[in-house]
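Enquirer:
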Ligand code: NAD
Ligand code: DAU
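In our numbering, the protein residues as written are 12 to 365.
Following this line, the structure appears as structure tokens:
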């Protein structure tokens, strides 16, 4: 089959990546999608079992830091576009093991940039390197007032956000130095199906289900701006196709929640869906020692993306949150698999012998 484009998506077996891969494989059947993922603890190829047999989908287990492999993929699949999502993504893990974050997020991004530069070798027409980043690079906002814009100076606080900020700088440096056709976006907190249950929403739904404590950091006063993952995937599709080269776009839900208010809503909704009496799981809420360097507030101004590319988040938070909680409760086997480690066999059973 002749494909109109050959796109390398990195980190496609993770949370956001799996939604992006599914969207591209199904909505753009004339594109070949090559998903390069190392399958760390956060990667689960079963997240994509509904599309794994599609003719336009190729899965490669491998490391974005492996220059030889990445260069070989550019050549074998005649890659003309990159959507780069692979990363170490959890702030708490970055506090424990910062070097892992520098390796994957900085060196891995640099390896991909260098492979694209060499493969495309100055022929930039029809080529694009899209780097997916986070609002955490901007640091923290005060409790009230202010939004991150594309012009907010970078001020990362955690090893995770410092590594993402560093990767963003390398992406811009490759544009400014070599002319590589890059585009970037910085998004707020995503939620939805297939998120690893170390992040707030799936962790707490799982803990409510199992009657375990819900560890709220500090006083629960920190504020996050939540966006449904498929709305982010739609923004990624738009930016990849129509974003201006060299530019970055902020993506956010205009949907700020104090952690403690979100946790109360989560508890009430999960109890209702489980058929528990009102207030049944409130006693599981436990205030614990705060995260070191915990950013107080994130909030995104996404007016540039809305104005220039016509993007809007489609789901209301109440609708998206209920749908998400229902998904985790209906997919308790997925939760059991990723928390027990059983999901690690999926690759051997479905891919390794091919
Ligand atoms: P995730 O942790 O769920 O998935 C990361 C994926 O990358 C996994 O499949 C993992 O196996 C893969 N990976 C890790 N190291 C690799 C390596 N060396 N080589 C190849 N693959 C590797 O992450 P996520 O939450 O889906 O985030 C995806 C991207 O979006 C990240 O770049 C993250 O910084 C960014 N982001 C996330 C959010 C969010 O709320 N989750 C918000 C804004 C931006
Ligand atoms: O803002 C975008 C970022 O959002 C992404 O770049 C990151 O990859 C993603 O992990 C997310 O980072 P956060 O640190 O905001 O997400 P997390 O789900 O870990 O935490 C959300 C908030 O809840 C945060 O203020 C910390 C708090 N929290 C988290 C956990 C896991 C708790 O109070 N208790 C917990 O157990």
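Each residue gets a CB set at the ideal place from its N, CA and C atoms; glycine is no exception.
Per DSSP, which residues does residue 42 bridge with? Please list them.
Expert: 16
Enquirer: Just to confirm the assignment, what range does the beta strand (DSSP E) spanning residue 319 have?
Expert: It is not in any beta strand (DSSP E) - residue 319 instead sits in the alpha helix (DSSP H) that spans 314-320.
Enquirer: Out of 52, 20 and 27, which one is the CA nearest neighbour of residue 351?
Expert: Each of 52, 20 and 27 was checked against the Cα of residue 351, and the nearest Cα belongs to 52.
Enquirer: Beta-carbon separation of residue 244 and residue 316 under 8 Å?
Expert: Going by C-beta atoms, residue 244 is not nearer than 8 Å to residue 316.
Enquirer: Classify residue 207 as helix, strand or coil using the three-state DSSP reduction.
Expert: coil
Enquirer: Enumerate in chain order the residues of its own chain whose CB-to-CB distance from residue 253 is below 7 Å, with the five nearest sequence positions on each side excluded.
Expert: 320
Enquirer: If we call anything under 8 Å between Cβ atoms a contact, is residue 3 one with residue 122?
Expert: Outside the shown range of the chain (12 to 365) lies residue 3, about which nothing can therefore be said.
Enquirer: For residue 190 and residue 66, I'd like the C-alpha separation in whole angstroms.
Expert: Computed Cα separation, rounded: 33 Å.
Enquirer: Rank 332, 322 and 261 by C-alpha distance to the C-alpha of residue 277 and give the top, closest one.
Expert: The shortest Cα separation from residue 277 among 332, 322 and 261 belongs to 332.
Enquirer: Report the start-end ranges of each alpha helix (DSSP H) in the region 158-243 that is 4 residues or longer and not cut off at the edges.
Expert: 170-189 and 211-220
Enquirer: Output needed for residue 205: all residues of its chain with C-beta closer than 7 Å, excluding positions within five of it in sequence on either side, in chain order.
Expert: 26, 29 and 58, listed in sequence order.
Enquirer: At a threshold of 7 Å, does residue 200 count as lining ligand 1 (C-beta to nearest heavy atom)?
Expert: yes
Enquirer: Near residue 97, what residues of its chain come up, given a Cβ to Cβ distance below 6 Å and the 5 sequence neighbours on each side ignored?
Expert: 21, 22 and 75
Enquirer: Report yes if the C-beta of residue 169 is less than 7 Å from at least one heavy atom of ligand 1; otherwise report no.
Expert: Residue 169: no, Cβ never under 7 Å from ligand 1.
Enquirer: Rank 279, 228 and 180 by C-alpha distance to the C-alpha of residue 148 and give the top, closest one.
Expert: The shortest Cα separation from residue 148 among 279, 228 and 180 belongs to 180.
Enquirer: Determine the direct distance from the alpha carbon of residue 353 to that of residue 141, and round the result to whole angstroms.
Expert: 33 Å
Enquirer: In this structure, how does DSSP classify residue 108 when only helix, strand and coil are distinguished?
Expert: coil
Enquirer: With DSSP as the reference, identify every bridge partner of residue 297, one or two as the case may be.
Expert: 226.
Enquirer: Can you confirm whether the region 100-111 touches the region 126-142 when touching is taken to mean that 3 or more C-beta pairs between the two stretches lie within less than 8 Å?
Expert: no
Enquirer: Where residue 153 and residue 89 are concerned, what is the direct C-alpha to C-alpha distance, given to the nearest angstrom?
Expert: Residue 153 and residue 89 have their C-alpha atoms some 47 Å from each other.
Enquirer: Taking the alpha-carbon of residue 214 as reference, which of 12, 14 and 343 has the nearest alpha-carbon?
Expert: 343
Enquirer: Three or more C-beta pairs under 8 Å: does that hold for the region 228-241 against the region 267-276?
Expert: yes
Enquirer: Threshold first: 3 residues or longer. Then list the beta strand (DSSP E) segments lying entirely within the region 72-98, N to C.
Expert: Assignment of beta strand (DSSP E) within the region 72-98, counting only whole runs of 3 or more residues, yields 92-95 in chain order.
Enquirer: For residue 349, collect the residues of the same chain with a Cβ closer than 8 Å to its Cβ; drop the 5 residues on either side in sequence, then sort them by chain order.
Expert: 55, 207 and 208
Enquirer: Between residue 315 and ligand 4, is there a pair consisting of the residue's CB and a ligand heavy atom that are separated by less than 7 Å?
Expert: Absence of ligand 4 is noted for the structure shown, with ligand 1 and ligand 2 being the only ligands found.
Enquirer: Using 10 angstroms around the beta-carbon of residue 198, count the other beta-carbons present and answer buried if the total reaches 16, otherwise exposed.
Expert: Buried, by the Cβ-count rule.
Enquirer: Would you kindly work out how many angstroms separate the C-alpha atoms of residue 31 and residue 71, rounded to a whole number?
Expert: 16 Å
Enquirer: Below 8 Å, can you find three or more Cβ-Cβ pairs linking the region 279-296 to the region 224-233?
Expert: yes
Enquirer: Just to confirm, are residue 212 and residue 280 a CB contact at a threshold of 8 Å?
Expert: no
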